[in-house]
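Residue numbers for the sequence shown follow my numbering, so the first one is 1 and each next one is one higher.
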Amino acid sequence: MSVGSSSVKKGETLIDTAMTLNAMQPDLLVVRHQSAGAVELLAQKVGCAVINAGDGAHEHPTQALLDALTIRRHRGEISSLTVAICGDILHSRVARSNILLLNALGARVRVIAPSTLLPSGIEKLGVEVFTRMDAGLKDCDVVMMLRLQ
């Protein structure tokens, strides 16, 4: 359902919407929301599985799963790969989700961007940080290019 056709347009809160959906006893909800953390909040309020299809500028785990599937189909085992994510890392929920998933799958992950497009502390997510394309792309197996957000 879109926000425009829901009771949110009339002032209903996300929790109210969650409770209404929960009353329908769904097996699964796939949720995309403009606010970071909204999907996690909703998941705590319903009695079914919730898939995060994107929340604000925070995460986009379903896109990361699709990216990982594509990489695996074309390159095989992900744990042996070096993956570079290039572009607007600062504003990309796709970058964050890919970093978390690729690290969990054992890949070596690099981010490449001008310093103005890198979030402060990005290295804490377990990535190698580069501001020069030539250095960052050296010996990479996979390159993901992001658009400016």
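Heads up, the beta-carbon is just placed ideally off N, CA and C, and yes, glycines get one too.
*On the three-state DSSP scale, how would you describe M145?*
The answer is strand: DSSP assigns M145 an E or B state.
*C86: buried (16+ other C-beta within 10 angstroms of its C-beta) or exposed?*
buried
*Which of the three DSSP states, helix, strand or coil, is assigned to E77?*
In this structure, E77 counts as coil in the three-state DSSP scheme.
*With a cut-off of 8 angstroms, do at least 3 Cβ pairs link the region 52 to 66 to the region 93 to 110?*
yes
*Closest to A36 by CA distance: which of L69, A53, Q149 is it?*
Per the Cα distances, A53.
*asked:* Rounding to the nearest angstrom, what Cα-Cα distance links D88 and T70 in this structure?
replied: 21 angstroms
*asked:* For the alpha helix (DSSP H) containing L29, name the first residue and the last one.
replied: Here L29 belongs to no alpha helix (DSSP H); instead the beta strand (DSSP E) covers 28 to 33.
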